[in-house]
Structure formats: C-alpha cells, structure tokens
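Numbering (our numbering), first residue to last: 1317 to 1751.
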C-alpha cells in the first residue's frame, strides 16, 4: 500500500447512513476470507483470543447471524467429501467450459459525438441483444492491462445464460446459496458513475483472468477445478501485508479466497487513472472476520459501487443492488473500512503483465505438487477438509443483481445512452487458465 494510503479510516456519516441500503439481512457466521485449518493456517474460532466489540457492530452482525440459520435439525445428511467431489466435478467442469465456449463477440458501435466516448476517460460501446431488445455494454477505451482481455468477446452472466450452460447447478446439501434480489431494475446514474462501473467491471474481469483457479471456499469453484481452488487459495493466503503484496501473492498462486480477490481488485482499481478522483475502500467484517470486498465511493453515497470478484459470476453493483451481507458489513460501526486509497492519492503500481508471465512459469508443475512441497500435507486431505467443515463452504454465485440496467443522464437530465446499459457481461480472458 502506498505511503499516502490510510489504514482503518472511519467512514463518513454520509456513507454510513446511506450505504446500509436494505439494512441487516442474511450473513454467514464465518469468514469467506481464510483458508481452512486443514491447510495449516486457519485458527479455529474457539482458539481465538476474545476481542471487544462495539455495541452497534455486535448488534448488526449478531442479528444477521441469527437470520442466516446455516444449520438446523432438518438439514439433510451430508455426503462424504470425496464422494461429493467425484460426483460433481465432471458436470461442474463441463458447465464452466460451456460458459466459456458460449462467449460471443459483440458488435462495436461508433458514437464519436457521445459524451461517453469523449476524453478524458472514453468508453467504447458494444451492443448486446436481450430477447428482442438491444442493450449497451460499456468498456474503457484505454485498457488497464493491455492484451489480457479479449477485445469485444463477452461471457453473459445472466441467470438465463448461466442456467443454459448449467453453471449454477452445482450445490451442496450443507451449504445455503446466498442470492441478491434478482428483480429487474432500471437505475439512473450520472456519467461519472458509468465510468466507475465500467472500471469496476474491467477490474473484476482482470481478477478473473489473473486468478482462474477461483476461490477455495466457493462450492462451485471447488467442483469446477476439481479441488485445485482450495490448494491455490491456501498458497495465496497471508495474514498481513500491503494491498500490493497481497495482490502479488494472489497472482503468483492464481487463486485465493475473498481477501486475495479483494486486494487484487483494490490494487487494480487504485492504479487506474480513471478512478484517480474517487476514494476506494477495502471493507471487511472486523477482527472476528466475515467477508472482504472493495467499494468505490461515488460523489453521492447512493452511487457507491460494490466490487466483489470473489463471487463465481461477479458483476459490479450499486450498494442497494449488492448482497445483503455487503450492506450488513457497511452498516457496521465505521462502515467496516479497513484500508482506503483517498481520492487524488498515489498508489504503488504493479507490473501486472510481468507478474502474470512469471506466474505462468512458476505454475508449470501441477498445483498438487506445489502444495505438497510448500505445505508438507497431502492435498487430498486439505481438499476434503475444506468440503467437510461448514465454516469454509460458501455458495455465492452473484455479487449483486445481474438484472439491473442503467440509464445515464447528465446534470441537465439529458439521457446519454440509446439503450439500457448492462454490466453483467464479462470480457473473456485472452489465454485459458490452468486445467
């Protein structure tokens, strides 16, 4: 983290009040950011030293724990971990391949006279069909990491498309699927928010390309990688360090849990010139842990954007359209902010492409062999433990409502887009991830 970055600032009253959105809703009782003790690096909650909590923070998180009801007397018996993995891997891998194969090239539109296409941070416009209607897809004209994402080739993350690919079908009887409100919405935003949403979409796509192993505590990613995501997440995890250091570690391992995904996204967003006037925060659940994600602060708090690439099919979302657990953490005392890049501040810049190339060299041997060399533990045991223990298992497909569409209006109320804008279109990576 750069010298000008501040750690653990308090969110402004404006952001605390408005970012709560829908208030406290469902939130799991453990953290999606730490690999399991089976990897040799998780502390059991019973072994953690007790820490004081503020009344408001405890109240918010205590209430949502009660609402979650992860376990109950009616919960079905669970399959043996290896049996569950063996029965789900073939279809999960095939579904991910279908999703990638279904990526399509969208036609690029030229609108030289559009304010969205003009400097200083112009956006390219692509057209996508949704039924019989046209939608607009916005992409930064100046790529943050040139060549890492394919130009004009997109993976649609709508529920209809994912269901067609069967990408949402992998579940576990002991894991509750967390979903945002999926009701179609149309939001009206100013041009600067459109630029920030496009930058957030690009950052998520870059994280997906750089961490193709996915998350080691997401059920769908575990199955789609045959358990490799568990091993990569264990190797990527560090307890402390700057965002730049954590981002480097994540790229080296090509995977990670929510903290790795969030710190890499934070690093990418912080070094994006299009966001130099925006404050960027890392938000987490405090000392007892819950979840880690990133927020781009808008000029108005209603335009704050949640960026959470840890979810399997992530899209940027306004806080009101994000997951209930995002709003619950933002509603906690201090807004859950653990680190920030202030507006106008300088951040350390990483050579992302150089790190990616080095990771490709370092990852030529199977991840299981790398894990055994680094952890001195059999990888199959670690994967089985991760599937077995409830505090490691999550099923969170979406980071926000993928059915939100946007209109852009300037200060005079003039509409700047011809058709509704969508940000549930992920740009495909230029090279495939590990097999």
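From the three backbone atoms N, C-alpha and C, an ideal C-beta is built for every residue, glycine too.
Bridge-paired residues (DSSP) for residue i
i: residue 1623; result: 1610
i: residue 1470; result: 1420 and 1743
i: residue 1455; result: 1440
i: residue 1715; result: Its beta-bridge partners do not exist; DSSP assigns none.
i: residue 1465; result: 1745
i: residue 1710; result: 1534
i: residue 1503; result: 1722
i: residue 1493; result: 1711
i: residue 1737; result: 1452 and 1722
i: residue 1425; result: 1441
Close-in-space but distant-in-sequence residues of the same chain around residue i (CB under 6 Å, 5 per side omitted)
i: residue 1569; result: 1548, 1551 and 1552
i: residue 1483; result: 1411 and 1415
i: residue 1585; result: 1519, 1591 and 1596
i: residue 1699; result: 1543 and 1546
i: residue 1639; result: 1496
i: residue 1576; result: 1552 and 1566
i: residue 1405; result: 1539 and 1542
Same chain, Cβ closer than 8 Å to residue i, neighbours up to 5 away in sequence not counted
i: residue 1709; result: 1488, 1490, 1491, 1533, 1535, 1702 and 1703
i: residue 1465; result: 1459, 1518, 1521, 1522, 1525, 1743, 1744, 1745 and 1746
i: residue 1554; result: 1561, 1562 and 1565
i: residue 1431; result: 1507, 1726 and 1732
i: residue 1451; result: 1443, 1444, 1445, 1721, 1735, 1736, 1737 and 1738
i: residue 1501; result: 1637, 1717, 1719, 1720 and 1721
i: residue 1682; result: none
i: residue 1687; result: 1547, 1550, 1551, 1693, 1695 and 1698
Where residue i sits in the DSSP three-state scheme
i: residue 1723; result: strand
i: residue 1487; result: coil
i: residue 1670; result: helix
i: residue 1731; result: strand
i: residue 1702; result: helix
i: residue 1630; result: coil
i: residue 1480; result: helix
i: residue 1450; result: strand
i: residue 1524; result: helix
i: residue 1432; result: helix
i: residue 1686; result: helix
i: residue 1445; result: strand
i: residue 1512; result: helix
i: residue 1414; result: helix
i: residue 1697; result: helix
i: residue 1404; result: helix
i: residue 1348; result: coil
i: residue 1398; result: helix
i: residue 1616; result: coil
i: residue 1676; result: helix
Beta-carbon contacts of residue i that lie in its chain and below 7 Å, excluding the five residues immediately before and after
i: residue 1564; result: 1666 and 1671
i: residue 1385; result: Residue placement at residue 1385 is poorly supported in this model, since its pLDDT is 39, which falls under 50; the coordinates are not used for a value here.
i: residue 1660; result: 1592 and 1593
i: residue 1675; result: 1567, 1568 and 1570
i: residue 1474; result: 1718 and 1740
i: residue 1590; result: 1437, 1456, 1511 and 1515
i: residue 1427; result: 1433 and 1441
i: residue 1582; result: 1559, 1596, 1598 and 1610
i: residue 1398; result: 1700
i: residue 1696; result: none
heavy atom of the ligand ADP below 7 Å from residue i C-beta
i: residue 1632; result: In the structure shown, the ligand ADP is absent, as is every other ligand, since no ligand is present at all.
Cβ-based burial, residue i [other Cβ within 10 Å; buried from 16]
i: residue 1496; result: buried
i: residue 1738; result: buried
i: residue 1447; result: exposed
i: residue 1472; result: buried
i: residue 1622; result: buried
i: residue 1511; result: buried
i: residue 1462; result: exposed
i: residue 1620; result: buried
i: residue 1632; result: buried
i: residue 1729; result: exposed
i: residue 1424; result: exposed
i: residue 1712; result: buried
i: residue 1479; result: exposed
i: residue 1504; result: exposed
i: residue 1636; result: buried
i: residue 1557; result: exposed
i: residue 1481; result: buried
i: residue 1587; result: buried
i: residue 1677; result: exposed
i: residue 1663; result: buried
i: residue 1628; result: buried
Chain D contact for residue i (CB, 8 Å cutoff)
i: residue 1547; result: Going by chain labels, chain D is absent from the structure shown, which holds only one protein chain.
Problem set entry | Contiguous beta strand (DSSP E) assignments of at least 3 residues, all confined to the segment 1583-1608 | 1596-1600
Problem set entry | Residue ranges of each alpha helix (DSSP H) within the segment 1527-1583, 4 or longer | 1535-1540, 1544-1552 and 1559-1569
For this session: Would you mind listing the alpha helix (DSSP H) stretches within the segment 1635-1667 that are 4+ residues and don't spill past its ends, in chain order?
Result: 1640-1647
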